[in-house]
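Be aware that the sequence shown starts at 104, since it is given in the numbering used here, and climbs by one per residue. Have a look at the structure below before the remarks.
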Amino acid sequence: DNSITNDVTVIETENFNFDPAGTPCTVLQTDTSRTDRYIQNWLYGGPSALSPTGETNIVESYFGRPFVQGIDIFQPGAVITASNFRTCAGGVGIRNSPGDEYERGEVENIGISETVNDNITNGTWFNYTHEWTPGNYQVFLRASSQFSNVTYNLDRVTSDYNLPGQTTTNLGQFALTNFTARREILKWYPLKASGTNLVVALNGKDTLRLTAATGASNNTTYLNYLVFLPVFESPLPGVITITNTTLVGSDFSFTFNSVATVPYTVQSKGDLNSTNWMTLTNLVGTGASMVVHDTIGSSNQFYRVKSP
Numbered sequence: 104d105n106s107i108t109n110d111v112t113v114i115e116t117e118n119f120n121f122d123p124a125g126t127p128c129t130v131l132q133t134d135t136s137r138t139d140r141y142i143q144n145w146l147y148g149g150p151s152a153l154s155p156t157g158e159t160n161i162v163e164s165y166f167g168r169p170f171v172q173g174i175d176i177f178q179p180g181a182v183i184t185a186s187n188f189r190t191c192a193g194g195v196g197i198r199n200s201p202g203d204e205y206e207r208g209e210v211e212n213i214g215i216s217e218t219v220n221d222n223i224t225n226g227t228w229f230n231y232t233h234e235w236t237p238g239n240y241q242v243f244l245r246a247s248s249q250f251s252n253v254t255y256n257l258d259r260v261t262s263d264y265n266l267p268g269q270t271t272t273n274l275g276q277f278a279l280t281n282f283t284a285r286r287e288i289l290k291w292y293p294l295k296a297s298g299t300n301l302v303v304a305l306n307g308k309d310t311l312r313l314t315a316a317t318g319a320s321n322n323t324t325y326l327n328y329l330v331f332l333p334v335f336e337s338p339l340p341g342v343i344t345i346t347n348t349t350l351v352g353s354d355f356s357f358t359f360n361s362v363a364t365v366p367y368t369v370q371s372k373g374d375l376n377s378t379n380w381m382t383l384t385n386l387v388g389t390g391a392s393m394v395v396h397d398t399i400g401s402s403n404q405f406y407r408v409k410s411p
């Protein structure tokens with residue numbers, strides 16, 4: 104149940120990575136040809152009252168696929184086995200149609216149910232591998248919380264996602280606001296750091312991890328899906344602006360505008376007609392102006408700042 108609508112990528116939270124060598128959780132799932140832990144070109148799948156056989160896109164979807172604790176997901180404490188989507192023993196809790204809202208048309212039209220991850224406690228995490236079109240993305244989480252504020256971390260897995268003991272680097276947080284009436288009231292939450300909306304640079308095959316960091320306790324929170332929205336407006340590579348150029352002795356400095364978590368490469372060359380740019384430094388944006396220093400002699404130097 105992942106989808107791409109135009110340029111927006113939607114990742115269903117129940118579609119976390121799976122074990123391609125494992126036995127499918129249901130006799131409906133007959134595709135054992137997968138060799139990686141993710142499906143790039145997915146279809147919504149599940150039992151369907153509208154299908155003549157009562158099932159839709161089972162073998163092309165994440166429905167009934169097994170997974171490995173500590174590699175694809177991690178659930179601390181007692182493992183919840185109740186599930187109606189990833190039905191393997193030792194699965195994470197997943198529920199049908201929990202939201203107080205209309206189902207999305209692409210789901211409803213093929214007769215399957217909207218689903219969410221539940222039974223989540225602090226420390227629970229899910230891995231999502233995908234092949235990304237290079238660019239910068241705003242990220243939103245469709246989720247809910249009840250009885251307490253809940254924080255989810257979004258991290259990038261920086262080691263082999265096929266093995267246990269994976270390392271990660273943090274990209275930001277989703278801060279869910281306590282809504283005491285019902286956890287079924289889902290809301291949009293943008294990825295932030297210190298209250299500032301973030302933009303994430305993604306390029307090619309990457310594994311992202313969603314982790315319940317604070318406030319999650321069994322039935323306090325639901326997860327529905329993640330949305331990745333390409334950002335084509337400033338500040339982006341084509342509109343990076345170099346300002347405040349200053350020369351003090353042999354120290355030349357300048358500033359440029361940045362987007363938080365976006366990588367930048369600062370390059371220079373002594374001959375404007377040369378095609379060879381030398382990398383001066385690599386930086387990660389903070390969302391504020393970045394300062395660059397370079398020690399130069401008496402010759403001219405030309406500078407540029409690039410971002411994926």
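Glycine is no exception: its CB is placed at the ideal position from the N, C-alpha and C atoms. Given the structure is predicted, the values throughout are model-derived calculations rather than measurements.
Extent of the continuous beta strand (DSSP E) to which residue i belongs
{"i": "Val242", "result": "228-248"}
{"i": "Gln370", "result": "366-372"}
{"i": "Pro477", "result": "The first residue shown for the chain is 104 and the last is 411, placing residue 477 beyond what the model contains."}
{"i": "Ile114", "result": "111-115"}
{"i": "Ser356", "result": "354-359"}
{"i": "Asp309", "result": "303-317"}
{"i": "Arg259", "result": "253-260"}
{"i": "Arg285", "result": "Note, Arg285: premise wrong, no beta strand (DSSP E); not H, not E."}
{"i": "Pro293", "result": "290-293"}
{"i": "Arg407", "result": "405-409"}
Supposed close pair residue i, residue j - CB separation, criterion 8 Å
{"i": "Asp309", "j": "Trp235", "result": "6 Å"}
{"i": "Asn256", "j": "Thr314", "result": "5 Å"}
{"i": "Thr224", "j": "Pro179", "result": "6 Å"}
{"i": "Leu329", "j": "Val387", "result": "Between Val387 and Leu329 the Cβ distance is about 22 Å, and since that is not below 8 Å, they are no contact."}
{"i": "Asp397", "j": "Phe355", "result": "5 Å"}
{"i": "Leu332", "j": "Val111", "result": "6 Å"}
Option in the options with minimal Cα separation from residue i
{"i": "Ile176", "options": "Gly149, Pro267, Phe166, Lys372", "result": "Pro267"}
{"i": "Thr324", "options": "Asn403, Ile197, Gly298, Asn239", "result": "Ile197"}
{"i": "Ser392", "options": "Thr280, Asn347, Ile114, Gln276", "result": "Asn347"}
{"i": "Asp258", "options": "Tyr141, Thr299, Thr232, Ser164", "result": "Thr232"}
{"i": "Ala246", "options": "Asn230, Ile288, Tyr264", "result": "Ile288"}
{"i": "Ser361", "options": "Val395, Lys372, Thr382", "result": "Val395"}
{"i": "Asn265", "options": "Glu115, Phe121, Val113, Val111", "result": "Phe121"}
{"i": "Gly173", "options": "Asn144, Val260, Val351", "result": "Val260"}
{"i": "Arg286", "options": "Asn220, Leu332, Leu146, Gly373", "result": "Asn220"}
{"i": "Met381", "options": "Val171, Phe355, Gln370", "result": "Gln370"}
{"i": "Gly226", "options": "Ile215, Tyr165, Gly238, Arg312", "result": "Arg312"}
{"i": "Val302", "options": "Gln269, Trp291, Asn239, Leu326", "result": "Asn239"}
{"i": "Val130", "options": "Arg189, Tyr406, Val334, Thr299", "result": "Arg189"}
{"i": "Leu146", "options": "Leu153, Ala124, Val113", "result": "Val113"}
{"i": "Val365", "options": "Val351, Ala304, Pro123", "result": "Ala304"}
{"i": "Thr218", "options": "Glu115, Arg137, Leu153", "result": "Glu115"}
Continuous alpha helix (DSSP H) stretch holding residue i: start and end
{"i": "Val210", "result": "208-211"}
Test item: CB-CB of residue i and residue j under 8 Å
{"i": "Leu244", "j": "Leu274", "result": "no"}
{"i": "Tyr367", "j": "Ser297", "result": "no"}
{"i": "Thr389", "j": "Ala363", "result": "yes"}
{"i": "Thr132", "j": "Val171", "result": "The sequence shown places Gln at residue 132, not Thr. No, the pair does not count as a contact, with Cβ atoms beyond the cut-off."}
{"i": "Gly167", "j": "Cys128", "result": "yes"}
{"i": "Tyr165", "j": "Asn118", "result": "yes"}
{"i": "Gly148", "j": "Thr135", "result": "no"}
{"i": "Ser375", "j": "Phe405", "result": "The question names Ser, but residue 375 in the sequence shown is Leu. The answer is yes: Cβ separation under 8 Å."}
Touch check for the stretch 249-258 and the stretch 315-329: three-plus C-beta pairs under 8 Å? Judged by Cβ distances under 8 Å, the stretch 249-258 makes contact with the stretch 315-329, as three or more pairs qualify.
Using 8 Å as the Cβ pair cut-off and three pairs as the minimum, do the stretch 205-225 and the stretch 267-282 touch? no
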